[in-house]
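To start, the structure under review is shown below, and the notes come after it.
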Amino acid sequence: MARVSGVLMPITSLPSPYGIGTIGKEARQFADFLKAAGQSVWQILPVGPTSYGDSPYQSFSTYAGNPYMIDLDTLVKEGLLTKAQIEQFYWGNNAEEIDYGAIYYSRFEVLKIAYEKFLEGDRKAFNSFKRKNSKWIKDYALYMAVKKYFGNKAWPDWDDEEIRVRNEEAIARYTRKFRKEIDFWKWVQFEFYKQWEDFRAYVNGLGIKILGDMPIYVAMDSADTWANPEVFWLDENLDPVCVAGCPPDYFSATGQLWGNPLYDWDYLEETGYDWWMGRIAAADKLFDITRIDHFRAFDTYYAIPFGSENAINGEWIDGPGIDFFNVMREKLGDIQIVAEDLGELFDSVKELLKESGYPGMKVLEFAFADDDENDFLPHNYTENCVVYTGTHDNDTVLGWYSQIDGWEKEHCNKYLGIHPGDEVNWKFIEAAYKSVANYAIIQMQDILGLGSEARINVPSTLGSNWVWRMKEGAATKEIADRLYNLSKTNSRLEEK
Numbered sequence: 472m473a474r475v476s477g478v479l480m481p482i483t484s485l486p487s488p489y490g491i492g493t494i495g496k497e498a499r500q501f502a503d504f505l506k507a508a509g510q511s512v513w514q515i516l517p518v519g520p521t522s523y524g525d526s527p528y529q530s531f532s533t534y535a536g537n538p539y540m541i542d543l544d545t546l547v548k549e550g551l552l553t554k555a556q557i558e559q560f561y562w563g564n565n566a567e568e569i570d571y572g573a574i575y576y577s578r579f580e581v582l583k584i585a586y587e588k589f590l591e592g593d594r595k596a597f598n599s600f601k602r603k604n605s606k607w608i609k610d611y612a613l614y615m616a617v618k619k620y621f622g623n624k625a626w627p628d629w630d631d632e633e634i635r636v637r638n639e640e641a642i643a644r645y646t647r648k649f650r651k652e653i654d655f656w657k658w659v660q661f662e663f664y665k666q667w668e669d670f671r672a673y674v675n676g677l678g679i680k681i682l683g684d685m686p687i688y689v690a691m692d693s694a695d696t697w698a699n700p701e702v703f704w705l706d707e708n709l710d711p712v713c714v715a716g717c718p719p720d721y722f723s724a725t726g727q728l729w730g731n732p733l734y735d736w737d738y739l740e741e742t743g744y745d746w747w748m749g750r751i752a753a754a755d756k757l758f759d760i761t762r763i764d765h766f767r768a769f770d771t772y773y774a775i776p777f778g779s780e781n782a783i784n785g786e787w788i789d790g791p792g793i794d795f796f797n798v799m800r801e802k803l804g805d806i807q808i809v810a811e812d813l814g815e816l817f818d819s820v821k822e823l824l825k826e827s828g829y830p831g832m833k834v835l836e837f838a839f840a841d842d843d844e845n846d847f848l849p850h851n852y853t854e855n856c857v858v859y860t861g862t863h864d865n866d867t868v869l870g871w872y873s874q875i876d877g878w879e880k881e882h883c884n885k886y887l888g889i890h891p892g893d894e895v896n897w898k899f900i901e902a903a904y905k906s907v908a909n910y911a912i913i914q915m916q917d918i919l920g921l922g923s924e925a926r927i928n929v930p931s932t933l934g935s936n937w938v939w940r941m942k943e944g945a946a947t948k949e950i951a952d953r954l955y956n957l958s959k960t961n962s963r964l965e966e967k
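So for the sequence shown, our numbering puts the first residue at 472; every next one is plus one.
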């Protein structure tokens, strides 16, 4: 395949007047920047509705889009809102950080104003959308309505056991009770998907592919788990038997306790992995390329007993292996996949990646801690991989570089040719571009030369993650020209 370059930039991190990045004007402007910079890929984080902690990897639905990403100015153009209606709400006062509390209390009130206006007009397209998406949207909209009724508790804590266990009479009763609220949640998805199709068409029209992110696990607090308990490894009380996470590693001495329910892979195999096939097909409709987060769990996954305080006492259990991907190709054809294969990997995981044929990931920040056999050093790459300076789970290059010392820093300096006064972030970018990796994707923060203040996420922590926003006007013509020339020099300008 062609050598290409791209940028990792969360949509929510884009500038906008309303506290968080959306798929409106600013997203198109960023796509224009990528085009001018000779970039062929825009990598984003998951786009589902976020729950407690605001992590895009903990969503209320694997199918629904994030209501925060709906562009309010587009709703103004559609005649569903006025500027004055939007501006009466508080969206936060820091243009460089997302205030999720402000967004949460304002966004849905504004969307409800727009929904009431929408009801005055033609609903044909909306009705068609509901029919086409009925397999998931009925459960999702009912879930959100009932969740609100029970004080936004997760479904295992709902006070009415009948709706918690999806008794048919209870479902019918709550559906009648919250008819309009349910319709509102469906309309929100109608607007998201309508705007998304326009956004994706614009980006694709510039010759740029969207590389989306699909978390391997879903949240316990989700419509997916509530509506499909048979898919998950739950006990007779619908509590998880074990939950997902990672053992102790370079990110955390006590491991990462994610808390997501694990899958009942025996059931999934018996049903031809139908639930998963639907999920992957949906991702393929949203994105041009799909990154499967935590790919290694298809080989072996880490199971932590439910109720554990940390991830130390988990065990590795065999996943479905190559059979899953053989079925996927048979049912869905050749979908473009990137496999997130980071962490301590068994040989069997490496063999699965090789057998699947998918490109794995290389991270330059991991390259210099040991000897020249390190898989993350560019001279050890194969062409079929994606090289990053760092990912959303890493510090920025400048933040990371400021904290290393000793042999690791000396090794880094010698390998990349870093001398006092050099722009360290650009040395990393150049190394990624010069490598044999077919894909070179750089965090926008590293392109901008930002420090630890711009880090997106610190794994296993709560409180200050997912909040970074790019300053308006930061993506300049000078930066675009520099990236373009670097792409051209290293044969990463894809023929359009």
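Ideal Cβ placement from N, Cα and C applies to all residues, glycine included.
Out of curiosity, what's the CA-to-CA distance linking residue i and residue j?
i    : j    : result
P517 : A498 : 16 Å
N784 : Y772 : 13 Å
E879 : I788 : 34 Å
K648 : V834 : 51 Å
R826 : N851 : Note on identity: in this sequence residue 826 is Glu, with Arg being the wrong assignment. C-alpha separation (whole angstroms): 19 Å.
N865 : R926 : 7 Å
F839 : N845 : 8 Å
L869 : I918 : 10 Å
I584 : K657 : 15 Å
A774 : P627 : 20 Å
P930 : P719 : 12 Å
P700 : D735 : 9 Å
W871 : M832 : 19 Å
I634 : K606 : 19 Å
A902 : E894 : 13 Å
L848 : K942 : 32 Å
State the CB to CB distance for the pair residue i and residue j, rounded to an integer number of angstroms; the pair is presumed to be in contact (CB under 8 Å).
i    : j    : result
G433 : F769 : No information on residue 433 is available, as it lies outside the stretch 472 to 967 that the chain covers here.
N731 : V714 : 6 Å
Q529 : A694 : No, Q529 and A694 are not in contact; Cβ-Cβ is about 13 Å, not under 8 Å.
A535 : Y611 : 5 Å
S511 : I679 : 6 Å
G592 : L964 : With a Cβ gap of about 45 Å, G592 and L964 do not count as contacting.
If you follow the beta strand (DSSP E) that residue i is in, where does it begin and where does it stop?
i    : result
K786 : The sequence as given places Glu at residue 786; Lys does not occur at that position. Unbroken beta strand (DSSP E) run through E786: E786 to D789.
Y673 : Run containing Y673: none in the beta strand (DSSP E); it sits in the alpha helix (DSSP H), R650 to G676.
Q514 : V512 to Q514
Q914 : Y910 to Q914
G944 : From DSSP, G944 is part of no beta strand (DSSP E); its letter is neither H nor E.
Y772 : T771 to P776
L816 : Element bounds for L816: n/a, residue is neither H nor E.
R762 : I760 to I763
K601 : Premise fails: K601 lies in the alpha helix (DSSP H), K595 to K603, not in any beta strand (DSSP E).
Starting from residue i, follow the alpha helix (DSSP H) in both directions and report where the run begins and ends.
i    : result
W747 : D745 to L757
I557 : K554 to E558
A903 : V895 to K905
I950 : K948 to T960
M799 : I793 to L803
V636 : Per DSSP, V636 belongs to no alpha helix (DSSP H) and is neither H nor E.
L682 : That residue, L682, is in no alpha helix (DSSP H); its beta strand (DSSP E) goes K680 to M685.
A507 : K496 to A507
Y539 : Premise fails: Y539 is in no alpha helix (DSSP H) and is neither H nor E.
What did DSSP end up calling residue i once you bin it into helix, strand or coil?
i    : result
G726 : coil
G734 : Position check: residue 734 holds Tyr in this sequence, whereas Gly was assumed. Y734: strand per DSSP, three-state reduction.
E811 : coil
E854 : coil
M832 : strand
T545 : helix
Y611 : helix
G888 : coil
M480 : coil
V475 : strand
T521 : strand
E879 : helix
M691 : coil
E822 : helix
K624 : coil
F465 : Not covered by the structure: residue 465. The range shown for the chain is 472 to 967.
A782 : coil
G572 : helix
L709 : coil
V929 : coil
V714 : strand
Comparing the C-beta of residue i with each C-beta of chain D, is any distance below 8 Å?
i    : result
H863 : No chain D appears in the structure shown, which is made up of a single protein chain.
Notebook entry, point to check: Would you call the region 619-628 and the region 586-597 touching, i.e. three or more CB-CB distances under 8 Å?
Noted result: With a cut-off of 8 Å on Cβ pairs, the region 619-628 is not in contact with the region 586-597, counting fewer than three such pairs.
Margin query: Does the contact criterion of 3 or more C-beta pairs under 8 Å hold for the region 739-756 versus the region 793-804?
Written below: Enough Cβ pairs lie closer than 8 Å, so yes.
Next item on the list: Say whether the region 658-678 touches the region 595-610, bearing in mind that this needs 3 or more beta-carbon pairs closer than 8 Å, one atom from each stretch.
Entry: The answer is yes - the region 595-610 touches the region 658-678, with three or more Cβ pairs under 8 Å.
Note to self: Tell me whether the region 485-498 and the region 947-964 touch, counting them as touching only if at least three CB pairs, one residue from each stretch, are closer than 8 Å.
What the structure shows: Proximity of the region 485-498 to the region 947-964 falls short of the contact definition, fewer than three beta-carbon pairs being nearer than 8 Å.
Check: Using 8 Å as the threshold, is the region 678-686 in touch with the region 748-768, meaning 3 or more CB pairs across them?
Finding: The answer is yes - the region 748-768 touches the region 678-686, with three or more Cβ pairs under 8 Å.
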